[in-house]
Amino acid sequence: MRRLLLILNGKSSQREDVREAVERLRAEGHELHVRVTYDGDDATQFAQEAVRRDPGERPQVIIAGGGDGTVNQVVAAALEADPATDCAFGVLPLGTANDFATGLGLPVQDLVAALKLCATGTPRPIDVGRINGRVFVNVASGGSVTRITRETDPRAKRLLGGAAYLIAGASRIGELSPMHAVFKADGFSWEGDFIAMAIGNGRLAGGGVPLCADARIDDGRLDLTLFPQPEAEHLVTLLSGLLREADSQFDGYARKASFTRLTIEAEEDLAINLDGEPMSASRLDVAVEPGALRFITGE
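Using this note's numbering, read the sequence shown as starting at 396 and increasing by one per residue.
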């Protein structure tokens, strides 16, 4: 049996389905320890303490119980504490959209199955992306759309899930002001005004939208999807694609590239979400770290 550590977002700690999943796993004989986060830095502290333990006490699998932001905090902290950690990672999907977990093929609607997979599944190497040194495992997104999603009412997120992001964007079209930037990677160069971009290690963002449909978490590359400032007809196409969760709606409009390194230089600070965690800078240095983590997936 594996030693398992569940780092559980405090917002989900009282959920009955979470308690049931934990009890079921323990009843089957698995060694599962749970640490609940209440302060903003708790997930970071718990993950770093875990990877620094002696080998005989170190958890073999660290499970992030929450949404994409919780996954980001746990993974980033573990890599900071020990870039060569031998711990594997898993997800108990408890977030609004669970885009990363969905992209991994995890049973996002069945917490018992998801937790059991962490105990019995085979870890496989996955890539990690970095922007100015900061980690992301799923998607980093930026532009005026990102600012709007940051400001989406948390109550709407709880009630509507991923659709809350789309409704917020559609209701504030007038605020989609373009930003100017230069993008450079091997074999790709673009300069102009844009309203949104996504850099994908994973495929999905914003509640199941395949913003980086060709991205693979284990191919040693990252994928860029860039949305230039649209004409009126392209704006309709963009919103249609988002509402239908269909990547094909972006064809002929979005600019795409696959790369190992990318630089972005803007005239002002870009607001970026790294798996939902905010940052901003006017210059972004983006790189991939192939096979940096071992993750338990459903695929």
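For each residue, glycine too, the CB sits at the ideal point set by N, CA and C.
Among the options, the one whose alpha carbon lies nearest that of residue i
i      : options                           : result
Gly587 : Phe578, Ala593, Ile594 and Gly595 : Phe578
Arg663 : Ile691, Val413 and Met574         : According to the sequence as given, residue 663 is Glu; it is not Arg. It is Met574.
Gly582 : Thr655, Glu444 and Gly671         : Thr655
Ala427 : Arg519, Glu672, Leu403 and Asn527 : Ala is not the amino acid found at residue 427; the sequence shown has Leu there. Nearest of Arg519, Glu672, Leu403 and Asn527 to Leu427, Cα basis: Leu403.
Val470 : Arg453, Val530 and Glu418         : Val530
Ser675 : Ser536, Lys406 and Gln468         : Ser536
Lys406 : Gly686, Leu399 and Gly435         : Gly435
Cys482 : Asp505, Asn493 and Gln455         : Gln455
Leu512 : Pro520, Leu501 and Ile521         : Leu501
Arg397 : Val431, Glu452 and Thr439         : Glu452
Arg611 : Ala682, Thr658, Ser572 and Gly498 : Gly498
Pro450 : Val604, Thr480 and Gly686         : Thr480
Ala492 : Gly462, Ala476 and Ile521         : Gly462
Ala687 : Arg448, Val681, Gly615 and Leu399 : Gly615
Asp613 : Gly603, Arg448, Glu684 and Ala593 : Glu684
Residue(s) in a DSSP beta bridge with residue i
i      : result
Phe495 : Paired residues: none, contrary to the question.
Ser653 : Asp618
Leu487 : Gly460
Ala580 : Phe583 and Leu657
His575 : Asp588
Glu411 : Note: Glu411 sits in no beta bridge, so no partner.
Met674 : Ile667
Glu662 : Glu662 is not bridged to any residue.
Pro623 : Phe589
Gly595 : Val534 and Asp618
Proximity below 8 angstroms, CB of residue i to CB of residue j
i      : j      : result
Ala514 : His425 : yes
Leu619 : Ala652 : yes
Ala649 : Leu617 : no
Val523 : Asn596 : yes
Val534 : Leu474 : no
Asp670 : Phe495 : yes
Arg410 : Pro518 : no
Arg421 : Val507 : no
Gln443 : Ala472 : yes
Ile667 : Ile526 : yes
Gly464 : Glu660 : no
Gly516 : Leu489 : no
8 angstroms contact criterion, which residue i and residue j should meet: CB distance rounded
i      : j      : result
Val486 : Ile458 : 7 angstroms
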